[in-house]
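Just so you know, we're using the numbering used here here: the sequence shown kicks off at 397 and counts up by one. The structure under discussion appears below in the form of structure tokens.
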Amino acid sequence: MDIALPVGYIHSQPLPLGRFLPPVDEGVITQVLKRYVPKEGLVFDPFGASPMIALEAARAGYPVVVAANNPINRFILRKTLQPFSQGILQAALAQLAAIPKNGSRMEMVLLDLYRSECNRCGQIVSVEYFVWDKELGGPTHKVYTCGHCAFTGEAAATEEDWNRAADYSRKGLQHAIAMEQVAPSGDPDRQHAEAALGTYPGRAIYALVTLLNKVDQGVFEEPILEAIRALLLSAFDAGNSMWSYPEGRSRPRQLIASARFRENNLWRALEKAVDVWAMGSDEIKVVDWQGRESIIPGQVVIAASSAREVSELIGKGQIAALVSVPPRPNQAYWSLTALWTAWLWKREAASSIKVALRRRRYDWAWHAGALRTVLGGITSSLDRGTPAVIYIPEAEPGFLEAAFVGFDASGFELKGRAYRAAEEQAFLHWSYPGREPPAWDAQRGRDLLRQAVGESLAVIGEPVPFAIVHASAWSQLSEARMIASAMRSKQRQPMQIVDEWLESELNNRLLWEHLTRGIEFESGSYWFAQPTPTDDPLFDRVERMILGLLRTVDAIGEVELDMRVCEAFPGIATPDRRLIMACLNSYGQPRGDGLWTLRPEDYAEARLADCQEVFHLLCQLGESLGYSVSRTEPLYWFRPDGTSAYTFRVSEMASWGWERMDFDERTLTMVIPGGRAVLLAEKARRDLRVRTWMQTPGRVLKFRHVRRLVTEPDLTAEGFAERIAIDPPEHQDPQMPLL
């Protein structure tokens, strides 16, 4: 069941509305297609949440059909597949700038909305953005660049700044026009549209409605009008109050203004949008689905219909695979897209998604039902054995539960899983139809869950965070079709049943130790309460693999290394990028062309010589301090009475088989190269037992410090313990204190 997590490259430029779209790295979908979809087989995306599926599938030569019921998603998808040229976008911006308004040009009118005075020289400036305090109801700071005195940065907002902002009421004419375009008087959704519009400051509403009115009154060639819509869409997003300052919700999900937010200069937002929408020169053939089009390799058919309607039109047995990124519930985005659709294409165009305005919150049970509705509507069009591969880039526990319930209850059988907990990335491989669900048996379900918990701890070999235990339990139950069994027997919601089982199981202190006590069971990490055979700790295995790989290749890139690590450690044991980078930084060095090579000091011959030298220095040092030295590995220093004073393990690596280590051993000192210190600190962060053990001074001794100690003429046995503790792992290269 364990499969490799597909990994890719971070996008070289941000996608339009990227903070609302699933964060899918470049190349992820290409890997998925190569592994699970027959060449030139029809790919169907029933959710249309990410443009990356259609883009990479079409580039790879697959025929693609996307069900995209949301007009904003469809627009972004089309313009990702057939991107604007820089020239068209610049021409659209120039035509917007030149629109006459109040005896001036639109550009100057919009810039003047954000007029202020430089706090240093008093000259007029157009502010990049104001910082608002929601509770105070106005701007407290401003960020700008003054062309007169060259000041750049943040300054306090003035009373004049506050008064100018107050001049633009959210109840004025522009506000009424903005509302009328979405929900006119008497529309049952008007109050909900009002709540969505309430996330915009009055000045932003004035600017946007002014632009929309002038665009509606103008005559533009179709390519220019499309580019204008794209620029406006970016301005719609830039104008709302969900831009936290200085940090905060980088991916807002609730339709709530941030406590402190940026009120962006919307003309500047239009200027920046040119580069965002100019996404390259690739142009994929795109067809609007009417139900009769032939679907050819390398072409994307976009359907403004439900997944069920589209699958029926495609026909039985034509779909080679479902490939998708299920959407995460996002009340903010779904509500705002209803506004934006109505503003761009009139309110009739928003009729299919305006229902999103009414719902204030989405829970995971609702989302599981929504996924089941979509999937259940397309299964009649699938042939036996049709694969469904889904990538979930924000796979928090609730989202995973919804996916397991949605697919399992719709008749799919889980064939493979991969989960990277720290990054919340999951990849699930399903097949339709699944085998018949067993009769409901609660005890069998509990037994499977207990087995899953134990297997997750054993295979990772180190304390496991709740998220991994959770993913292991749910995938084990889904593989056994227990989720579908619960649904068929009309038990309570499967989410409620499994979560109760999991909480009860993890509270069993005879079996499991909660290493971070005093907090909720969903937090912290878990380990066996009794000694249990396990694999070596995952962090040690990853370290060994990366060192071995760097010693066998001339150079390697970060993404290729990530791919190899994920292939070597599949399923729930997928290491997080932080651990991989800690290992890479410990043993590698960047070459300058995006590739990494092995550090010269970590060549096998050099490190072997280092270890041998340090071992002999410790023998020499122990004898000089009056101890009997074992000259074995590990190395023991014995007192005259025969008791052990110190135990040293010399290693080129930051791994010693923690699973076999007695963490109460008081005399053990690990001796490692200084370059392993950060990696050791990462292991201590992951494992509370290691972290606690390292809190005792002198647990770790660096090679360089051994070399220093042997040169100290006045070192004594009594002072040795204090001296070995002055260069702890977290220190890079401290100055030796004077004796």
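From the three backbone atoms N, C-alpha and C, an ideal C-beta is built for every residue, glycine too.
For residue i, which residues in the same chain have their Cβ closer than 6 Å to its Cβ, ignoring the five residues on either side in sequence?
i: M504; result: none
i: F917; result: E899 and L902
i: Y510; result: S522, V523 and N661
i: D1129; result: Unreliable placement is indicated for D1129, whose pLDDT of 46 sits below 50; the coordinate value is still reported in the next sentence. Here the set comprises nothing.
i: F526; result: P535, K538 and E659
i: K750; result: D585 and A734
i: F632; result: W736
Residue i: which of the options sits nearest, CA to CA?
i: A653; options: N636, G404 and D837; result: N636
i: V1086; options: V697, M1066, I710 and W760; result: M1066
i: V521; options: D958, A791, Q587 and G543; result: G543
i: S806; options: G812, S776 and R1103; result: S776
i: A463; options: T426, A400 and V696; result: V696
i: T733; options: I468, R1103 and V751; result: I468
i: A456; options: I680, A589 and E689; result: I680
i: G990; options: V955, G967 and V949; result: V955
i: R831; options: H866, G676 and M878; result: M878
i: G1115; options: A674, A552, L1017 and W923; result: L1017
i: A818; options: R560, R840, D1110 and A867; result: A867
i: V461; options: L438, Q478 and I472; result: L438
i: L907; options: M891, G850, V865 and P859; result: G850
i: T926; options: L709, A854, S919 and V611; result: What sits at residue 926 in the sequence shown is Gln, not Thr. Closest by alpha carbon: A854.
i: P966; options: H1101, P597, G812 and L621; result: G812
i: V706; options: D936, F443, R1003 and A1121; result: F443
i: W730; options: W739, I1122, Q686 and R755; result: R755
If you follow the beta strand (DSSP E) that residue i is part of, which residue opens it and which one closes it?
i: Y540; result: G534 to T541
i: V1067; result: L1064 to I1068
i: Y1042; result: S1040 to V1046
i: Y828; result: Q821 to Y828
i: R905; result: Where R905 is concerned, there is no enclosing beta strand (DSSP E), given that its DSSP letter is neither H nor E.
i: T606; result: Segment G598 to Q613 is the alpha helix (DSSP H) holding T606; no beta strand (DSSP E) there.
i: P783; result: T782 to I788
i: F526; result: Y525 to D529
i: Y729; result: Element bounds for Y729: not the beta strand (DSSP E) but the alpha helix (DSSP H), Q727 to W741.
i: K811; result: E809 to R816
i: I520; result: I520 to S522
Could you check if residue i is buried or exposed, using at least 16 other CB atoms within 10 Å of its CB as the buried criterion?
i: P584; result: exposed
i: P1133; result: Any answer about P1133 is weak, because its pLDDT of 40 lies below 50 and its placement is not dependable; what the coordinates show is given next. That one is exposed.
i: L1135; result: Model confidence at L1135 stands at a pLDDT of 32, short of 50, so the residue's coordinates are unreliable and nothing is read from them.
i: A1147; result: The question about residue 1147 has no answer, for the chain in this structure spans 397 to 1135.
i: G1022; result: exposed
i: E452; result: buried
i: Q872; result: buried
i: S690; result: exposed
i: P412; result: buried
i: I494; result: Ile is not the amino acid found at residue 494; the sequence shown has Ala there. Classification of A494: exposed, given that the 10 Å Cβ count is below 16.
i: D837; result: exposed
i: K1098; result: buried
i: Q577; result: buried
i: A595; result: The identity of residue 595 in the sequence shown is Thr, whereas the question assumes Ala. Result: buried.
i: S874; result: buried
i: A703; result: buried
i: I692; result: exposed
Beta-carbon within less than 7 Å of residue i's beta-carbon, same chain only, minus the 5 sequence neighbours each way: which residues are those?
i: R947; result: L994 and A1000
i: A880; result: D804, A805 and P833
i: Y983; result: I942, L943, L946, L994, R995 and D998
i: A978; result: V1074, L1075 and E1078
i: S446; result: L417, P418, V420 and V721
i: H588; result: L753 and R754
Could you tell me the boundaries of the alpha helix (DSSP H) in which residue i lies?
i: P986; result: Taken as a continuous stretch (DSSP letters only), P986 belongs to no alpha helix (DSSP H), being part of the beta strand (DSSP E) at G984 to P986.
i: S707; result: A703 to I710
According to DSSP, which residues form a beta bridge with residue i?
i: T548; result: T541
i: S640; result: F657
i: I915; result: None; I915 has no bridge partner.
i: G967; result: DSSP lists no partner for G967.
i: Y405; result: E422
i: G568; result: Partner(s): none; G568 has no beta bridge.
i: L718; result: F440 and A784
Tell me which same chain residues have a C-beta within less than 8 Å of the C-beta of residue i, skipping the five on either side of it?
i: F657; result: V527, W528, K530, S637, M638, W639, S640 and Y641
i: W673; result: P412, K475, P479, F480, L485, A623, A626, L627 and S630
i: R1119; result: L1105, E1108 and L1111
i: N498; result: V505
i: C517; result: C542, H544, C545 and F547
i: P723; result: P418, F443 and A445
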